[in-house]
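A quick write-up on the structure given underneath.
2 protein chains.
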Amino acid sequence: MEAESALITRWQELLSSYNTVAAHLERALQDGHGLTLSDFETLDRLVTRDCEKRRMQELAAAMYLSQSALSRTVARLEKQGLVVRSHCVDDRRGIFVELTEAGRLRHAEARTTHLSVLADRLTPAQA
Amino acid sequence: MEAESALITRWQELLSSYNTVAAHLERALQDGHGLTLSDFETLDRLVTRDCEKRRMQELAAAMYLSQSALSRTVARLEKQGLVVRSHCVDDRRGIFVELTEAGRLRHAEARTTHLSVLADRLTPAQA
DNA sequence: CTGCATTAAATGCGTCTGCATCAGATGCGT
DNA sequence: ACGCATCTGATGCAGACGCATTTAATGCAG
Chain A
65 MEAESALITR WQELLSSYNT VAAHLERALQ DGHGLTLSDF ETLDRLVTRD
115 CEKRRMQELA AAMYLSQSAL SRTVARLEKQ GLVVRSHCVD DRRGIFVELT
165 EAGRLRHAEA RTTHLSVLAD RLTPAQA
Chain B
65 MEAESALITR WQELLSSYNT VAAHLERALQ DGHGLTLSDF ETLDRLVTRD
115 CEKRRMQELA AAMYLSQSAL SRTVARLEKQ GLVVRSHCVD DRRGIFVELT
165 EAGRLRHAEA RTTHLSVLAD RLTPAQA
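Chains A and B supply the protein sequences, listed in that same order.
Reading the first sequence from the start, the letters are residues 65 to 191 in our numbering.
Reading the second sequence from the start, the letters are residues 65 to 191 in our numbering.
Put into structure tokens, the structure is as follows:
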């Protein structure tokens, strides 16, 4: 069938694009800012959301990360002083995650690196 | 700048496509055939290459996997009896990796799963 | 109020990965 | 022949992930 090979070709292009960009991003963010790609993505979600909601769940839903992985990611960020966790007052099971000033700053720095890697490695039309 | 947001949008689409497909692939291959995605990719490379060459290096180059990860992947496959490692006669540093019949069979079975997941999850034009 | 199912997040555990290093094989210059 | 730089693949180690389980807070039924 013709469709099969087309499918495989598209998948291989996707793999290639993703792996190239992700590998460079991971390295650049780690070397330059001490952040995992997941760390950065998490900060990024927090920057663009100033509303007050039960974060952990919300974040997990917005990211391709398991609940446990997100929990540990936030723990990492907290240990670096980039976010603060606080219990929800009305439902003490929920956890608020909030950026600190340091977190906002770190994100701003890392964002530059992030963009430049994308500009360098993300092919214009994953051809 | 306009280009920045376009770049970010394309990256997010790439992330989304990749993560969706990869997660489903990983799960389906593991549950149905006891194979990691890397395992399958490795078998796949071997099926389509019947020539005789120093494989480890060749494989590593063809895959988005570090040398050490490939080494362990091949070790996993060998433990399952899907490939055989043998020293190169002329340069005993090199290692030949060869599919066994079991390996060929496993790959054929897994390939069906692989294709069906791609058909289900790989969006036609990563829109 | 008590008991039990449910939900949120944390954690134990095993797996896969990359980096750095190691051990063995080559092979080239002297 | 010897020694040293180089190359190939394996391995120690630490980090991140997912799954399953645990702990704590809710809340609904009786």
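Cβ coordinates follow ideal geometry from the N, Cα and C atoms, glycine included.
The structure displayed is predicted, hence computed values, not measured ones.
Straight-line gap, residue i to residue j (C-alpha atoms, nearest Å)
{"i": "residue 167 of chain A", "j": "residue 167 of chain B", "result": "49 Å"}
{"i": "residue 131 of chain B", "j": "residue 96 of chain A", "result": "24 Å"}
{"i": "residue 87 of chain A", "j": "residue 156 of chain B", "result": "32 Å"}
{"i": "residue 76 of chain A", "j": "residue 118 of chain A", "result": "38 Å"}
{"i": "residue 170 of chain A", "j": "residue 79 of chain A", "result": "29 Å"}
{"i": "residue 82 of chain A", "j": "residue 142 of chain A", "result": "28 Å"}
{"i": "residue 109 of chain A", "j": "residue 128 of chain B", "result": "28 Å"}
{"i": "residue 145 of chain A", "j": "residue 98 of chain A", "result": "13 Å"}
{"i": "residue 84 of chain A", "j": "residue 148 of chain A", "result": "33 Å"}
DSSP state of residue i mapped onto helix, strand, coil
{"i": "residue 99 of chain A", "result": "coil"}
{"i": "residue 118 of chain B", "result": "coil"}
{"i": "residue 186 of chain A", "result": "coil"}
{"i": "residue 81 of chain A", "result": "helix"}
{"i": "residue 130 of chain A", "result": "coil"}
Buried or exposed by the 16-neighbour rule on C-beta atoms within 10 Å, applied to residue i
{"i": "residue 161 of chain A", "result": "buried"}
{"i": "residue 153 of chain B", "result": "exposed"}
{"i": "residue 68 of chain B", "result": "exposed"}
{"i": "residue 150 of chain A", "result": "exposed"}
{"i": "residue 180 of chain B", "result": "exposed"}
{"i": "residue 133 of chain A", "result": "exposed"}
{"i": "residue 91 of chain A", "result": "exposed"}
{"i": "residue 74 of chain B", "result": "buried"}
Listed by chain order, chain B residues near residue i by CB distance under 8 Å
{"i": "residue 135 of chain A", "result": "The contacting residues do not exist; residue 135 of chain A stays about 18 Å from chain B at best."}
{"i": "residue 78 of chain A", "result": "78, 81, 82, 85, 186 and 190"}
Proximal residues of chain B, C-beta to C-beta of residue i below 7 Å
{"i": "residue 74 of chain A", "result": "186"}
{"i": "residue 110 of chain A", "result": "Correct list: empty, because the minimum Cβ distance to chain B is about 16 Å."}
beta-carbon residue i near the ligand NAP non-hydrogen atom, thresh 6 Å
{"i": "residue 93 of chain A", "result": "Among the ligands in the structure shown, none appear at all, so the ligand NAP cannot be discussed."}
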